[in-house]
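**Q** Residue numbers (our numbering): 5 to 1086.
Ideal Cβ placement from N, Cα and C applies to all residues, glycine included.
Predicted, not measured: the structure shown is a model, and the values here were computed from it.
Before we start, here is the structure in question, set down as structure tokens.
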């Protein structure tokens, strides 16, 4: 069954007209007879060995339907009754659809004891069976069942064996369906199973008058009515063992003589992990309390009640859930003790019920099907208006952190509006005992069909394809006639070159100035060449090499794949083929001899990883034009690489070019419509552009394609919350939390297994690092979420997306919140921080603010280091350096051993030009055993500080570390500058040549190369380097002055304005030879 979801505003409005279009379907229909036929009984001897004559007694809804005739029991225990009876089902009659759905037909097999003729026959109930009529409301007109027959105990002290039972074969049929097609498709079946009430107050004691514990839930029906689901006969059990699992569900019947007949066939309470439940008390810290409560004093029902909802009632239920997800569940104890006259006092019952009704209630969410829903008892009224319910829900949310097991505040609503005000205090104090005891109910709510069906995966895929058409497939490989002819030309060329080489070996090369060779000499050389080719076997090899190319031409160009019918056709084709092959051979030879082969273009040394690194460096330095160029180069290298398009789109989000980012993400999605990250990013951009319908399709498709993605469910919840669809948001967050709990449990089991094999080890209980974390993966605890891999966001400018005022207030409130204990202990990952990690990588700041606001509200021990670190990044993006510094101070106070925090603080001080403080932070970051996530930029900026402070030796070592980890033009430039200042000219030129090879458009590299050439006396190279330094626009004024001073001092190196051809870029400088380095060798 699908999980019914709540309704958004749009869906709710669309559902109401559907109900309005069905007025005739909910109108009363004529009575329909339901016919029950008991065919036979089996295995009666297993119940009672000497039974001889029996009859069947039928009963439904408290009304006797009739008795069968007396039937002899055969020796094998079979009795053929063939007894038929019926009753009428009518919406307005005594046997309505609600009676059909929740009340079975009760069949009692009665033994007839034979007496003397003078004595009256005596009957004794032998066994009972129940027949569930639910299939009649599921579209069936007839069905046949074998109902288990349970033995009736002869005395209250008799204990029956579970296997001591027979069976009844029964058929049920109607002339026409009880529900029309419209009622069947638009109606629904609601079933509620109440298991037990746990953790009862001390007032519930076994002593005193006997109590009949009951519970009631009001279900909205059509019009102003409400349908009551009443659970009676709750059993008070004292401390002892837990209830067994699985155990059968029970019918809500009171006139059952056979205890086994109370069990609903094939319907069991199976239990499950607490974390999979959908109510409260399902967290890890509640497990011990739950286990203890389930083995102490409790009230057990294990009863299932059903309710048929017609189409109008379904719409009303949807509307009620959309308005308020919390409904009152009333529990009462009714005294059944006798009065002084020995009879039950009706007045005492009413009074007792009225008092207890106000004491024990529970709030219940109906937003999900099949959910185990425990909840803290909170007194509510039987008729609480929707406005009050909403207020209660808000109050519960605010008071959630006040008690570990009490997310509901004790708010009493009087069921009788005429009760005097002085009674309110008494009732509040009386109801407080259930809150203090932590009383909760466990129940299951199930719908036969989802209230709001999920979209099918095929429909979502179709909608996505409509919005983003897939890219056309790659053109098919050229395997036709054109390719065959090209292969023939290539073979001719290679054979001609080989023959020419043989000729040169035999006769040598004929130079042009030696004159022409006479005809006789050529013929002699031709004869010798043919002899050499034939005698060496090379002629045969050339022929075999050419044979495959000729066969391809025959098959692909002439389409000849079958044998010729006549010899004349074969000879004619050979002639035509020979002429064609000769012509193509001449074409190939003319191309070989008349044209010089073009030299192949040199392969680029720049890899995809280097281009990505160069782009990140340009973003850090705020050279967005250069960064865009690198991203475009990556895309040009492989236009079918999804990650290249996603990275380019994230860069466009950084520049606030949302439309361009949308094009990049849609391009990625067109390559693979099932790519989860592309779907999520398309949804995020659609939200930014206020295309909410498209965004919902993207998020829903992502969750459908990858239901185990924590980030997909979290982002969907954030989106639904943005749409004020709180029901869908709550469901999405709940699903994400379940997945995270399962992931953490699985990751914890691996270290525990290893610990058992290898001995005690100190293994982190948090998340495990992955080399390339995706949306559904978790970061290590020591590396806060949102700071992994691409963390240069710490120096990016502010984006246009700003959180709403409420979220901004919530974020700033973190600075005033009480801080947790500092130390190395870190809280586990949360769904919102995992979403923040993903969102920070793609620069989706609007969603980052929402996720951080949720993280702040969900934390029980105060904000974590990861939270402050992510918050600091958002402030840094907005260039709010003061608030960023406050967040980093809090993060350091919480976890001063986190290298990412110190790296972030170093970046902040660097931007504030507080180089002394930045230097200390960077050095501390490098000294940690564990590297920070953005060590490349730590090395770059620390090296630049060393150069600024003229600590050239330390600068050289720092830049070399950066080159070792991830070499780039900037890292080798830093090495070159440090070596030049240390007067290590050879090493400086080597480093600068490496930098120039990686990027020949860096003016500063050309400037230092010009200085080195000036110092070495290489005038031509100095002028060339200086020419490109000026042409590329060197912005380092100090370096430019130093170059010109050296030129004036040495008297060369400043040529006239260059006359380099326009449109040509600067050359890549190769590694210099030793001779070119030493001026004395020239």
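So what does DSSP say about residue 109, is it helix, strand or coil?
**A** In this structure, residue 109 counts as strand in the three-state DSSP scheme.
**Q** Put residue 220 into one of helix, strand or coil per three-state DSSP.
**A** Note: residue 220 maps to strand in three-state DSSP.
**Q** Return the Cβ separation of residue 532 and residue 510 in integer angstroms, given the expectation that the two are a contact with Cβ distance under 8 Å.
**A** Their Cβ separation, rounded to whole angstroms, is 6 Å, which keeps residue 532 and residue 510 in contact under 8 Å.
**Q** Three Cβ pairs or more, each shorter than 8 Å: is that satisfied between the stretch 627-639 and the stretch 985-1000?
**A** Counting Cβ pairs under 8 Å, fewer than three are found: no touch.
**Q** Quick one: give me the first and last residue of the alpha helix (DSSP H) that residue 130 is part of.
**A** Per DSSP, residue 130 belongs to no alpha helix (DSSP H); it is in the beta strand (DSSP E), 126-135.
**Q** Would you grab the beta carbon distance between residue 198 and residue 105 for me? Rounded to a whole angstrom, and I think it's under 8 Å.
**A** With a Cβ gap of about 17 Å, residue 198 and residue 105 do not count as contacting.
**Q** Suppose the cutoff is 8 Å on Cβ atoms and the five residues either side in sequence are ignored; what does the same chain contact list for residue 1014 look like?
**A** Correct list, in chain order: 1026, 1029, 1030, 1033, 1047, 1057.
**Q** Is it right to say residue 457 is buried, meaning 16 or more other beta carbons lie within 10 angstroms of its own, or is it exposed?
**A** It counts as exposed.
**Q** Determine the DSSP secondary structure at residue 332, reduced to helix, strand or coil.
**A** If DSSP states are grouped into helix, strand and coil, residue 332 belongs with the strands.
**Q** Beta-carbon separation of residue 191 and residue 318 under 8 Å?
**A** Taking 8 Å as the Cβ cut-off, residue 191 and residue 318 qualify as a contacting pair.
**Q** Report the residue ranges of all alpha helix (DSSP H) runs contained in full by the stretch 922-971; include only those spanning at least 4 residues, in chain order.
**A** Correct list: 939-952, 956-970.
**Q** When the distance is taken between beta carbons, is residue 937 closer than 8 Å to residue 904?
**A** The answer is yes: Cβ separation under 8 Å.
**Q** Can you tell me whether DSSP reads residue 459 as helix, strand or coil?
**A** Coil, per DSSP.
**Q** On the three-pair Cβ rule with 8 Å, is the stretch 228-248 touching the stretch 301-315?
**A** In short, these stretches touch, since the Cβ pair count reaches three.
**Q** Does the beta-carbon of residue 329 have 16 or more other beta-carbons within 10 angstroms, so that it is buried, or is it exposed?
**A** It counts as buried.
**Q** Once the 5 residues before and after residue 652 are set aside, which same chain residues still bring their CB inside 8 Å of it?
**A** Counting only Cβ-Cβ distances below 8 Å, and skipping sequence neighbours, we find 635, 636, 638, 639, 668.
**Q** Does the beta-carbon of residue 1055 have 16 or more other beta-carbons within 10 angstroms, so that it is buried, or is it exposed?
**A** Residue 1055 is exposed by the Cβ-count criterion.
**Q** So, using beta-carbon positions, are residue 951 and residue 981 closer together than 8 Å?
**A** The answer is yes: Cβ separation under 8 Å.
**Q** If you count every other CB in all the chains shown that lies within 10 Å of the CB of residue 997, and 16 or more means buried, which is it?
**A** Burial call: buried.
**Q** Around the Cβ of residue 504, are there at least 16 other Cβ atoms within 10 angstroms (buried) or fewer (exposed)?
**A** Looking at its Cβ environment, which holds fewer than 16 other Cβ atoms inside 10 Å, residue 504 is exposed.
**Q** Three-state secondary structure (DSSP) at residue 582?
**A** Residue 582 falls in the helix class under three-state DSSP.
**Q** Within the 8 Å Cβ cut-off, does residue 659 reach chain B?
**A** Going by chain labels, chain B is absent from the structure shown, which holds only one protein chain.
**Q** Residue 93 by DSSP, collapsed to three states: which one?
**A** Residue 93: strand per DSSP, three-state reduction.
**Q** Quick one: give me the first and last residue of the beta strand (DSSP E) that residue 1016 is part of.
**A** Counting along the chain, residue 1016 falls outside any beta strand (DSSP E), though it belongs to the alpha helix (DSSP H) covering 1007-1020.
**Q** Roughly how many angstroms lie between the CA atoms of residue 51 and residue 835, to the nearest whole one?
**A** Whole-angstrom Cα-Cα distance: 58 Å.
**Q** Please report the straight-line C-alpha distance between residue 550 and residue 658, rounded to a whole angstrom.
**A** One C-alpha to the other measures close to 58 Å.
**Q** Look at the alpha carbon of residue 672 and the alpha carbon of residue 647, and state the distance between them as a whole number of angstroms.
**A** So the two alpha carbons sit approximately 8 Å from each other.
**Q** Could you tell me the boundaries of the beta strand (DSSP E) in which residue 243 lies?
**A** Neither: residue 243 is in no beta strand (DSSP E) and is coded neither H nor E.
**Q** Between which two residues does the alpha helix (DSSP H) containing residue 713 stretch?
**A** That residue, residue 713, is in no alpha helix (DSSP H); it is neither H nor E in DSSP.
**Q** Can you say whether residue 244 is buried or exposed, counting buried as having 16 or more other CB atoms within 10 angstroms of its CB?
**A** Exposed: under 16 other Cβ atoms inside 10 Å.
**Q** Say whether the stretch 233-242 touches the stretch 80-87, bearing in mind that this needs 3 or more beta-carbon pairs closer than 8 Å, one atom from each stretch.
**A** Contact fails: fewer than three Cβ-Cβ distances are below 8 Å.
**Q** How big is the Cα-Cα spacing for residue 292 and residue 738?
**A** Taking the straight line joining both Cα atoms gives about 21 Å.
**Q** Would a C-beta distance cut-off of 8 Å place residue 892 and residue 909 closer than the cut-off?
**A** Yes, they are a contact pair.
**Q** State whether the stretch 713-733 contacts the stretch 679-692, with contact taken as three or more CB pairs (one from each stretch) at a distance under 8 Å.
**A** Touching, yes.
**Q** In whole angstroms, what separates the C-alpha of residue 1037 from that of residue 708?
**A** Taking the straight line from one Cα to the other gives about 53 Å.
**Q** Hey, quick one: how far does the alpha helix (DSSP H) through residue 315 stretch, first residue to last?
**A** Its alpha helix (DSSP H) spans residues 315-327.
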